[in-house]
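Protein chains in written order, with my numbering: chain A, 1 to 95; chain B, 96 to 226.
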């Protein structure tokens, strides 16, 4: 039992490190991205990584209060990606 | 080996799978050298990576305390919206000229994504301009 818990804690630390590293490396693509499509994609991926970090925080603290937060972040990320893409495509969000 | 130990190992396995796909996605986002090829790597993070993390959260909540299937809602939402946002970003790439231009359509018409009202004035354009 304690060995399994140790392995789960190690996997959680690995997941935290990988997701934080991914967030930072996505920021690099956001800065150097040559086209607007790359920057929109980098922002969408940053929202996805933030969602993963919130889910991991909920696992590590053992509470269920982060469920609504992650659902709201997922919805806002999708809406903001569509709004950015429509603004680049049409010059306006709601016509 | 009881059921709790197997569930804890399953949580660890799901966390490792999710973080592996997250690492693969960000490496693909950084290392590919074309906008359209860069598009396909981070969508795996959105579906498989976050899906595995939510599965780990679900198994964890069933093991330590009262379990619930609430995470399936986020999973279904992500699975539905990830292709839509990827399609919008691909349209941005096409319209901004960040990829190869589209081939000619087989018949004598235009691609629907490149058809714009100001380039092709239809029969209702005078009424549109008057209003």
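Note that CB positions come from ideal geometry on N, CA and C, so glycine has one too.
Quantities reported herein were computed from a predicted structural model and do not represent experimental measurements.
Partner residues on chain A for residue i, Cβ-Cβ distance less than 8 Å
i	result
residue 135 of chain B	The premise fails here: residue 135 of chain B is roughly 10 Å from chain A at the closest Cβ pair, so nothing lies under 8 Å.
residue 132 of chain B	Under the 8 Å cutoff, chain A gives no residues; its nearest Cβ is about 11 Å from residue 132 of chain B.
residue 113 of chain B	15, 52
residue 39 of chain B	Residue numbering for chain B in the displayed model covers 96 to 226; residue 39 of chain B lies beyond these limits and cannot be assessed.
residue 167 of chain B	The premise fails here: residue 167 of chain B is roughly 11 Å from chain A at the closest Cβ pair, so nothing lies under 8 Å.
residue 124 of chain B	25, 26, 29, 41, 42, 45
Supposed contact pair residue j and residue i - C-beta distance, whole angstroms, cut 8 Å
i	j	result
residue 40 of chain A	residue 74 of chain A	No, residue 40 of chain A and residue 74 of chain A are not in contact; Cβ-Cβ is about 17 Å, not under 8 Å.
residue 140 of chain B	residue 164 of chain B	Between residue 164 of chain B and residue 140 of chain B the Cβ distance is about 23 Å, and since that is not below 8 Å, they are no contact.
residue 188 of chain B	residue 37 of chain A	4 Å
residue 134 of chain B	residue 185 of chain B	6 Å
residue 118 of chain B	residue 22 of chain A	7 Å
residue 177 of chain B	residue 132 of chain B	Incorrect: roughly 17 Å between the Cβ atoms, too far for contact.
residue 8 of chain A	residue 106 of chain B	5 Å
residue 45 of chain A	residue 196 of chain B	That belief does not hold up - the Cβ atoms of residue 45 of chain A and residue 196 of chain B are roughly 26 Å apart, past 8 Å.
Contacts of residue i in chain B (Cβ-Cβ under 8 Å)
i	result
residue 85 of chain A	180, 183, 184, 186, 187
residue 76 of chain A	Correct list: empty, because the minimum Cβ distance to chain B is about 11 Å.
Interface flag, residue i vs chain A, CB-CB below 7 Å
i	result
residue 226 of chain B	The pLDDT assigned to residue 226 of chain B is 41, lower than 50, so where the model puts this residue is not dependable; a value taken from the coordinates is nonetheless given after this. Chain A contact via Cβ: absent.
residue 118 of chain B	yes
residue 171 of chain B	no
residue 143 of chain B	no
residue 195 of chain B	no
residue 107 of chain B	yes
residue 220 of chain B	In this prediction, residue 220 of chain B has a pLDDT of 43, which is less than 50 and means its spatial position is unreliable; nothing more can be read from the coordinates.
Interface flag, residue i vs chain B, CB-CB below 7 Å
i	result
residue 52 of chain A	yes
residue 27 of chain A	no
residue 2 of chain A	no
residue 18 of chain A	yes
residue 37 of chain A	yes
residue 65 of chain A	no
residue 71 of chain A	yes
residue 80 of chain A	no
residue 22 of chain A	yes
residue 48 of chain A	yes
residue 96 of chain A	Residue 96 of chain A lies beyond the stretch modelled for chain A, which goes from 1 to 95, so this question has no answer here.
Residue i: contacting residues in chain A (beta-carbon distance under 7 Å)
i	result
residue 159 of chain B	62
residue 149 of chain B	55
Under 9 Å by beta carbon: chain A residues contacting residue i
i	result
residue 98 of chain B	By Cβ distance, chain A contributes nothing, its closest Cβ being about 12 Å from residue 98 of chain B, past 9 Å.
residue 205 of chain B	Neighbours of residue 205 of chain B on chain A: none; closest Cβ ~16 Å, over 9 Å.
Closest Cα partner of residue i within the set the options
i	options	result
residue 103 of chain B	B:151, B:176, B:146	B:151
residue 51 of chain A	A:33, A:70, A:65, A:60	A:70
residue 171 of chain B	B:107, B:149, B:128, B:136	B:149
residue 180 of chain B	A:68, A:43, A:63	A:43
residue 16 of chain A	B:144, B:101, B:182, B:174	B:144
residue 72 of chain A	A:30, A:33, A:54	A:54
residue 193 of chain B	A:33, A:95, A:56, A:81	A:33
Within chain B, partners of residue i - CB distance below 9 Å
i	result
residue 57 of chain A	Simply none; closest approach about 10 Å.
Contact set between residue i and chain B, taken where Cβ atoms lie within less than 7 Å
i	result
residue 93 of chain A	Chain B residues near residue 93 of chain A: none, gap ~12 Å exceeds 7 Å.
TODO: Counting only runs of 4+ residues fully inside the segment 32-79 of chain A, write out the alpha helix (DSSP H) ranges in chain order.
DONE: You should have 36-61.
TODO: Would you mind listing the alpha helix (DSSP H) stretches within the segment 111-150 of chain B that are 4+ residues and don't spill past its ends, in chain order?
DONE: Restricted to the segment 111-150 of chain B, the alpha helix (DSSP H) segments that are unbroken, complete and at least 4 residues in length are 130-135, listed in chain order.
TODO: Let me know the beta strand (DSSP E) ranges lying completely inside the segment 154-197 of chain B, each 3 residues or longer, listed in chain order.
DONE: Counting only runs of 3 or more, we get nothing.
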